[in-house]
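So the structure is just underneath, and the comments pick up after that.
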Amino acid sequence: GVVLDRCFAAAAARHAGGFLLASLESPPDPAVLKDRIYPAAIRAFVASPSPALSRLLESDASPLATAMKDALAARAIEKQHRPPADQLTRGMALYAGHCASCHQTTGTGVDGAFPPLDGSPRVAGDPSAAIRIVLHGLTGPVDVPGKVRVNSLMPAMGGLSGAEIADVLTYIRHAWSNDAAAVTTEQVEQVRSAHAARQLPWTLGELE
């Protein structure tokens, strides 16, 4: 019933890339595209589009491919900023390897444990704050509107190169519902130089 439907929809959204790729290779009955499962997967894909999957769509006119292309087009119109596609591709890979285990593939975080990145004003605001968090980490309470306050430690990732930090932050600032300008390697290195003596993680109070 409905509960099972929700479970399948959640699983399809979590594994949207593989699920949709398999469905494109063996197209489903068009009638099922309106069920809860496919819209959930398509929303997850549009929030974090796989470049490889997007390329496949170009030569596919099936009902599923058409629904995916329509959803992508609608999302693209809404966004003001358009970072380079290759930077977003690199950033998405870095996000998957370094960030998704806590902040989730969907950018929603985990209630009470890891704050969401999707829709976060700190993510979309002045990039220097986000750069400092990646370089040195973040500790102490983080208020999440409408949810339990998060009080955990994000470790420093200063071992990433300036280009890698720029790529992953550009991806985060453009993924899901976020729409902010790209971050450059130069911006990252300026912040790194300005705070070269920093040893401790930041608190939000220091960043605001």
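In the working numbering, each residue carries its 1-based index in the sequence shown increased by 180. Idealized CB from N, CA, C, for every residue including glycine. All figures in this text were calculated on a predicted structure; none of them were measured in a lab.
How long is the line joining the alpha carbons of residue i and residue j, rounded to whole angstroms?
| i | j | result |
| --- | --- | --- |
| Val371 | Arg312 | 7 Å |
| Gly299 | Ala202 | 30 Å |
| Thr286 | Ala227 | 7 Å |
| Leu387 | Asp323 | 14 Å |
| Pro296 | Pro243 | 33 Å |
| Pro321 | Pro301 | 16 Å |
| Ser206 | Cys282 | 33 Å |
| Asn331 | Gly292 | 8 Å |
| Arg186 | Ala265 | 33 Å |
| Asp215 | Pro229 | 21 Å |
| Phe188 | Gln379 | 45 Å |
Span of the alpha helix (DSSP H) holding residue i?
| i | result |
| --- | --- |
| Met334 | That residue, Met334, is in no alpha helix (DSSP H); it is neither H nor E in DSSP. |
| Thr350 | Gly342 to His354 |
| Arg312 | Pro307 to His316 |
| His283 | Ala280 to His283 |
| Glu369 | Thr365 to Ala374 |
| Val226 | Ile217 to Ala227 |
| Gly238 | What sits at residue 238 in the sequence shown is Glu, not Gly. That residue, Glu238, is in no alpha helix (DSSP H); it is neither H nor E in DSSP. |
| Pro203 | The amino acid occupying residue 203 in the given sequence is Ser; Pro does not appear at that position. Start and end: Ala196 to Glu205. |
| Glu386 | Leu384 to Leu387 |
Taking 7 Å as the threshold (C-beta atoms), are residue j and residue i in contact?
| i | j | result |
| --- | --- | --- |
| His316 | Ala336 | yes |
| Val348 | Leu274 | yes |
| Gly271 | Thr350 | yes |
| Val368 | Gly342 | yes |
| Ala221 | Ala196 | yes |
| Leu333 | Trp382 | no |
| Phe225 | Leu200 | yes |
| Ala247 | Leu213 | yes |
| Lys249 | Leu268 | no |
If you compare alpha carbons, which of the options is closest to residue i?
| i | options | result |
| --- | --- | --- |
| Pro307 | Ala190, Arg329, Leu340 and Ala361 | Ala361 |
| Gly277 | Glu344, Glu238 and Pro264 | Glu344 |
| Ile352 | Gly320, Pro263, Ala247 and Phe188 | Pro263 |
| Gly305 | Asp359, Leu268, Val314 and Ala220 | Asp359 |
| Arg223 | Glu205, Ala192 and Pro207 | Ala192 |
| Lys327 | Val368, Phe294 and His354 | Phe294 |
| Leu340 | Ala247, Ala211, Pro325 and Thr365 | Thr365 |
| Ala310 | Leu384, Met248, Ala190 and Thr246 | Leu384 |
| Ala376 | Ser357, Asp215, Gly338 and Thr269 | Gly338 |
| His354 | Ser239, Arg194, Arg378 and Gln260 | Gln260 |
Checklist entry - Taking only runs of the alpha helix (DSSP H) that begin and end inside the region 240 to 302, which ones reach a length of at least 4 residues, in chain order? => result 243 to 258, 265 to 278 and 280 to 283
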